[in-house]
């Protein structure tokens with residue numbers, strides 16, 4: 701009987717953990733393999749520390765590239781609905797900014813849609829490369 705209770709409790713905790721993850725889509729690490737771009741966010745607690753930028757403190761998150769050390773910081777975020785958020789983004793020099801939307805189609809796939817402002821770009825092989833206005837990202841497991 702004790703084994704049954706232990707197994708049941710363990711399964712229940714796993715189900716609750718999976719359900720808790722589904723209720724927080726705006727938290728985690730997302731990547732786009734084609735453009736080598738990633739998004740690291742927590743729009744709920746807004747407690748992401750950007751590597752190498754400790755002076756800035758905690759933020760909603762950041763956008764980066766595996767091929768460039770530059771980053772775009774998510775200064776402010778506002779949850780619009782269960783699957784949509786509004787983002788204010790600025791580059792690491794503070795010279796370019798934009799407004800974007802983050803829209804989830806399901807728990808593991810989202811679209812970063814650049815609305816107004818400067819395009820997100822990274823220096824790859826000594827050339828500025830703009831990422832698409834609508835970038836599909838997948839949750840990294």
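In our numbering, the protein residues as written are 701 to 841. For each residue, glycine too, the CB sits at the ideal point set by N, CA and C. Computed from a predicted model, the values in this text were never measured in an experiment.
Outcome for residue 795 when other beta-carbon atoms lying within 10 angstroms are tallied against a minimum of 16: Residue numbering aside, residue 795 sits at position 95 when the chain shown is read from its first letter. By the neighbour-count rule (16 or more Cβ atoms within 10 Å), residue 795 is not buried but exposed.
What do you reckon, are the CB atoms on residue 790 and residue 797 nearer than 9 Å? By one-based count along the chain shown, residue 790 stands at place 90. By one-based count along the chain shown, residue 797 stands at place 97. Contact check for residue 790 against residue 797 passes: the beta carbons are separated by less than 9 Å.
Can you look up residue 743 in the DSSP assignment and give me helix, strand or coil? What you label residue 743 is simply residue 43 of the chain shown in a count that begins at 1. Coil at residue 743, not helix or strand.
When the Cα atoms are used, what is the spatial distance from residue 813 to residue 831? Here residue 813 refers to the residue found at position 113 when the chain shown is read from its first residue. Here residue 831 refers to the residue found at position 131 when the chain shown is read from its first residue. So the alpha carbons of these two residues sit roughly 11 Å apart.
Along the chain, where does the beta strand (DSSP E) that runs through residue 784 open and close? Start at 1 with the first residue of the chain shown, and residue 784 comes out as number 84. 784 to 791 is the span of the beta strand (DSSP E), which, as asked, contains residue 784.
Integer Cβ distance of residue 786 from residue 780, believed to fall under 8 Å: Numbered from its first residue, the chain shown carries residue 786 at position 86. Numbered from its first residue, the chain shown carries residue 780 at position 80. For residue 786 against residue 780, the beta-carbon gap comes to about 6 Å, under 8 Å, which counts as contact.
Where do the ends of the beta strand (DSSP E) carrying residue 756 lie? Translated into the one-based positions of the chain shown, residue 756 becomes position 56. That residue, residue 756, is in no beta strand (DSSP E); it is neither H nor E in DSSP.
Use the C-beta contact count for residue 757: other C-beta atoms within 10 angstroms, 16 or more gives buried, fewer gives exposed. Within the chain shown, the letter at position 57 stands for residue 757. Here residue 757 is exposed, its C-beta having fewer than 16 other C-beta atoms within 10 Å.
Boundaries (first-last residue) of the beta strand (DSSP E) holding residue 803: Counted from its first residue, the chain shown places residue 803 at position 103. It spans 797 to 804 - the beta strand (DSSP E) in which residue 803 sits, taken as one unbroken run.
May I ask you to report which of helix, strand or coil DSSP gives residue 808? Taking the first residue of the chain shown as 1, we reach residue 808 at position 108. Note: residue 808 maps to coil in three-state DSSP.
Am I right that residue 838 and residue 741 are in contact with their C-beta atoms under 8 Å? What's the rounded C-beta distance? Against the chain shown, residue 838 aligns to sequence position 138. Against the chain shown, residue 741 aligns to sequence position 41. Contact between residue 838 and residue 741 does not hold, since the beta-carbon distance rounds to 14 Å and is not under 8 Å.
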